[in-house]
Amino acid sequence: MALPAGGRRGERFAGHLPQCAGPWWPAVRRTPGLFKNARRPRSYGSEHVQHDAPALGAATSARRAADLRPRRPIVPPRSGRSPGPALPEAPPDTRLTPSGDHARAQLRPGAAATDHSRPCPGRRVRDRRPRPAHGRRPMSAPIQGELWSSDPQAWAEVAEGRSRPLYERVLRSLHPRPGTRLLDAGCGSGLFAELAAQAGADVTGLDAAPGLIEYARRVRPAAHYIVGDLGQMPFEDGAFDIVTAFNSALYAADPRHALAEIARVTAPSGRAVVTVGAGPDQAESAALINPLAPRGDVPDLGTLDLADPDATRGALLEAGYASVATADISFDVVFEDEDDAVAAQLPAGPVTAAVRHSGRATVESALRSFFAPRTRTDGTVRMGLLFRCYLAERAP
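Taking numbering that gives the first Met the number 0, the leading residue of the sequence shown gets 0, the next gets one more, and so forth.
And the structure:
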């Protein structure tokens, strides 16, 4: 952090105080002497600090015998600048110990416990927002868009059609009237958008994958399609009467924020349907594939597990919906053979990421090990699907 105008090198610790900004901050800035006893890392060296280091003698021995602290190092001001204001004094029960570029407040042995409900001077405030795990890059719309655009035609013709029973049952439940403004957030290749448009709705489809949007515009032109980020949708507040998000919110960088965006664009008295795969077969398949992909390319259930009904219901209510109902829709998918089953998985974003990271042979081997026990005597393969559906409604 750059030093303030007129600052000294000795003020390097002050650069970390704004992280703890709170009601006490103005008062602390006016209190002289903070950090006067703070230890400085030895690595600062002579280029940072000019030490007053007289030879050990009788005065030094007497000072140590009296258990007094050594004198502070003399810190020269920057050339042409004033020494700057005095720094505030630290609270008696804390000691700031620099570590690299940061200083952490530590409680002295035997000191009284402090009330941590409010930030205290010199103590860093913990950022409680979800963070990626160590070594994990955060998910992003450009990354997901590129992964899901790897083979749009295969996704549309081999994979997405398997979800048609889910789309049809949700559409019957919503029963949109002619002219209903409907947004399909995470529309993929446009299958549900086309079904809703055929039912009379005025449909807009949004997806982060340019390849899927291009396919939808070319093959399913009944709806209007745009490339966009579910976490930052380019629509006005309350722009749609119905918003659907089929298995898309979990691929957002922040699923909670994605739910808040869905709520923002839902009109008063409007409805939203959010779905996520929650069946045991889907969970087992993900457990085989996700470890083969870079951690930032697959959903992180540590931020929000959309299959958890209590957590998701709470997130939707917090986002602004007045009521949330939950229902499960389950059905079986039957593949002609094991090759057909494997081919239907390859265009999906997580599988594409796994192939690029671990190799196609490794991924196909994992998929065949998953489908082998599900192969029936006639050679067909049965996979059970279960989708957890959340129907949320806004207040009038």
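The beta-carbon is built from N, C-alpha and C at its ideal position, and this holds for glycine as well.
Runs of the alpha helix (DSSP H) spanning 4 or more residues and lying entirely within the stretch 229-307 occur at 254-263 and 279-288, in chain order. In its chain, beyond the 5 residues on either side, Val350 and Leu366 have a beta carbon closer than 7 Å to the beta carbon of Gln344.
Between the beta-carbon of Gly189 and that of Ala222 there is about 6 Å, and that keeps the pair under the 8 Å contact cut. Per the coordinates, the alpha-carbon of Asp150 lies some 33 Å from the alpha-carbon of Thr325. By the 16-neighbour rule on beta-carbons within 10 angstroms, Gln197 is exposed. For Val202, the CB contacts under 6 Å within the same chain, skipping 5 residues up- and downstream, are Leu181, Ala192, Ala195, Ala196 and Ala222 in chain order. Its chain contains Leu249 and Tyr250 as the residues whose beta carbon lies nearer than 7 Å to that of Pro298, once the 5 sequence neighbours on both sides are disregarded; these appear in chain order. Look at Leu316 here: in three-state DSSP terms it is helix. Note that the stretch 303-312 does not touch the stretch 137-148; fewer than 3 beta-carbon pairs, one per stretch, sit closer than 8 Å. In chain order, Ala342, Leu345 and Pro346 place their CB closer than 8 Å to the CB of Ala153, counting only its own chain and leaving out the 5 sequence neighbours on each side. DSSP places His356 inside the alpha helix (DSSP H), whose first and last residues are Gly348 to Ser357.
Distance between Gly227 and Ala340, taken at the CA atoms: about 30 Å.
Residue range Ala140 to Trp147 is occupied by the alpha helix (DSSP H) that includes Gly144, with no beta strand (DSSP E) assigned at that position.
Taking the Cα of Arg176 as reference, the smallest distance to any Cα among Ser268, Gly348, Leu211 and Asp240 is reached at Asp240.
By the C-beta density criterion, Pro372 is exposed, having fewer than 16 other C-beta atoms within 10 angstroms. According to the DSSP assignment, Glu337 belongs to the alpha helix (DSSP H) that extends over Glu337 to Gln344.
A direct Cα-to-Cα measurement between Cys388 and Gln281 gives close to 15 Å. Bounds of any beta strand (DSSP E) do not take in Gly210; it lies within the alpha helix (DSSP H) bounded by Pro209 to Val218. Per DSSP, the continuous beta strand (DSSP E) segment holding Arg381 begins and ends at Val380 to Glu392.
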